[in-house]
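First comes the structure, then the notes that go with it.
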Amino acid sequence: MMEVVIVALAATLGNLLMGWDSSTIAAGTTYIKKEFVVDATIEGIIVSMSFITGTVVTIFSGAVSDMIGRRPMLITSSVMYFLSGLVMFFAPNVAVILVARIVNGVAIGLAYTLNPLYISEVAPADIRGQLNTFTQFACSGGMFLAYVMVFLMSLTDSPSWRLMLGVISIPAVAYFLLTVFYLPESPRWLVSKGRILEAERVLKRLRGTDDVSGELALLAEGLSPGGEATSIEEYVVAPAGEILVNQEAGKDYIKLYGPNEGVTMVAQPVNGQGSLISRSMLSQQGSFGGLSSTGIKDPIVNLFGSLHESTLPESGGSRSMLIHNANSIFSMGEPDSPFGTGDNLHAPLMSFQGGAGERAHGSKDMLGMRSTSSLRSNSSLAHGNAVETPKNTNIGGGWQLVYKSADGVGGGKREGLQRVYLHAEPTAVSNSQHVSSFVSTSGYDIPIDGGEAYQAAALVSQSVLGTHDLLHLPEVAAKGSKWRALLEPGVKRALVVGIGLQILQQAAGINGFLYYAPQILEQAEIGALLSNLGLSSASASFLVTIITTFCMLPCIALAIRLMDISGRRSIMLYTIPILIVCLLALIIKQFFELNSVINAAITCISVVAYESVFCMGFGVIPNIICAEIFPTSVRGICISLTSLTYWSCTLIVTLVFPTLLQLLGLPGVFGLFVLGCIISWTFVYLKVPETKGMPLEVIIEFFALGAKPGTDPAAIGIK
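Heads up, the sequence shown is in the UniProt record's numbering, so the first residue is 1 and it goes up one at a time.
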């Protein structure tokens, strides 16, 4: 999927320009103060004006992007970057500087709000975290390049702040050309507007395959989350011969069809000793109601955690049950896969024309899908006694989207169509030494022979394809008030997570470091550390900032590698304590008599470590999570709300930081940041679930399911 990687990298050019701007304005104000003799208040306004504008822009950007698309907003951002640099280059006075900062704020606000959203919507689940981490790498890379330029200019006799701040127009031209001529529109947005053929073309380009019917169906299903109608079910999936021998046990099984259109595997609901996932979900408190009332950790965290780790009965140990890239019965490229290898892997489940005789036995057909063109040409989705659905069931992250007919509803027609998000772990059953059979919901034992049966977990709910034509999908997306949709339990729970992360990200103090790093280092007498180089105090501070931003890059590169392996939640829980240690070092050194060189060295090391570790964890992950947890129909509005929170908090920190620095000094300010980090770690541990390797639509389903207050397992359909 090299194409989607290149598209994501092209989109992150907007983040590179955002980092470039933050560095040039931090350095440029040093020279602006000298030319126009401005006080601290005017300096704060110049720096903060882009944040004020970005805050206002954020209010509308999400809703506007829902109406006109993501790509036009990115094009607008590139134009604003260009104009801001042009105005700044010719600025004759402070008033024009403020105008340039306003235009720049529009560009930054759009880039910050929409780039993570755009990348999340075009990226496959398996590498979504990695691609979104590129936004932070680009931002830090822009900071590094800008500080290198600023440092070199500071060595001249008369550095030009106009050139520092105006040169951003040059890369802005490249960003404009990429957004206009290369970046595609988000396929999820296209589906929400009923532009199915365009979405199909974009997906084929991004995925590098001609069969994207499964993912296209997934995007359609995402327009209507299941909510209260969703149930969690468990299946044992085994070769067809093992179960079909017992005709009585076959009353409620689901047939899976392989590449030759014959019955290859069957799935049957289970309960009793085989129900590993449901027991894991309820192991601590017994029900979601109990967790809500007596537990400290949010039940949504436990629910997501149960998807990644479950306890096997034979060992009591922890195993990965639903982690991405796990081997599954539909695993691509596995030599023992019952669905074959090579070209057949693109269509593991094929369309089946069920007969009346088979339905008389009560079996439910798990329906593979036909091509997308068939869906569009036959919008009724019903053809005789069979339902046509996409043949490629792979939706990323080891998940499959398959369909079945509901019991007693519709006789297999569209009205009874249910979607099934299925994920299986072969070792969950085959490695068990003490489980020789599973008890199905019909009360019959399912024999397990030779380790060829697999346990699968599934989210089952009403399919949007069973109630709407594809051509009427815009009506599904526009159904009801979007602002009223924000009050739905799953959306409210997601907003608590997203807004909380954005607030606490600023409480950890990063913007105080980024925008006033030169002043902080100057107060630490950084010139003493570099006095032998013959640099001025300002140049020495810029040089240390270059070292700081350069050290960020390998840390962010490590985060790119780990984001879809260790996960978002784990990275934050491990990196926030390092931030606390760095801040404490800056505080404790104030209570000792240190010579200037040692004092400067401790300050430099602490600042470099803080900023580098922050960028690899708490700096980028809030934006990644916010772009993952909201339904498609309100994703733009919710992203606007979380981004508005970010900009508001950034504005407050930027405005009050100089005053706090004067009133409390560095120890007092860093003490506040320590408190913010402690609160942040607690919030992440209690409230933030792990979303790695899961399709966006599956994440949304689980948020809706886990947000039900005071319900017992039976009420949410855990079998």
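Think of the CB as a built atom: it goes at the ideal place given N, C-alpha and C, for glycine as much as any other residue.
Looking at the backbone, the Cα of V173 and that of F82 are separated by about 7 Å.
A straight-line Cα-Cα distance of about 44 Å links K33 and V4.
With a 10 Å radius around the Cβ and a threshold of 16 neighbouring Cβ atoms, P577 comes out exposed. Each of M88, G141, L218 was checked against the Cα of R162, and the nearest Cα belongs to M88. If you compare the alpha carbons of G166, S23, T156 with that of F90, the shortest gap goes to G166. Proximity of the segment 584-591 to the segment 611-618 falls short of the contact definition, fewer than three beta-carbon pairs being nearer than 8 Å. When DSSP states are grouped into helix, strand and coil, G396 belongs to the strand group. Spanning the alpha carbons of I75 and V420 requires a straight line of approximately 38 Å. The continuous beta strand (DSSP E) containing Y454 extends over residues 454-462. A distance below 8 Å separates the beta carbons of G636 and S65. As computed with DSSP, S231 is found in a beta bridge with V460. Around the beta carbon of W483, a 10 Å sphere encloses fewer than 16 other beta carbons of the protein chains shown; the residue is thus reported as exposed. Using a C-beta cut-off of 8 Å, the segment 651-659 makes contact with the segment 32-46, since at least three inter-stretch Cβ pairs fall below that distance.
With a minimum length of 4 residues, the unbroken runs of alpha helix (DSSP H) contained wholly in the segment 12-60 fall at 13-36. Looking at the backbone, the Cα of L584 and that of E690 are separated by about 29 Å. The segment 181-194 and the segment 106-114 do not touch, with fewer than three beta-carbon pairs separated by less than 8 Å.
Judged by their CB atoms, G226 and E701 are nearer to each other than the 8 Å cut-off. Apart from sequence neighbours up to five positions away, the residues of its chain that approach P622 with a beta-carbon distance below 7 Å are L501, Q502, Q505, ordered along the chain. By the Cβ rule, the segment 96-106 does not count as touching the segment 117-137, because fewer than three pairs are nearer than 8 Å. In terms of CA proximity to V581, I678 leads the group G668, S648, I678, R493. With fewer than 16 other Cβ atoms inside 10 Å of its own Cβ, R561 counts as exposed.
With the rule of 3 Cβ pairs closer than 8 Å, the segment 47-63 counts as touching the segment 646-656.
Here the alpha carbon of V620 sits roughly 16 Å from the alpha carbon of C551.
G141 and L16 do touch by the CB rule: their CB atoms are close to 6 Å apart, below 8 Å. Cβ atoms of E200 and A458 stay farther apart than 8 Å, at about 26 Å.
The alpha-carbon separation between A456 and V236 amounts to approximately 6 Å. Boundaries of the alpha helix (DSSP H) harbouring Q506: 489-507, taken from the DSSP string. DSSP, reduced to helix, strand and coil, places P622 within a helical segment of the structure shown.
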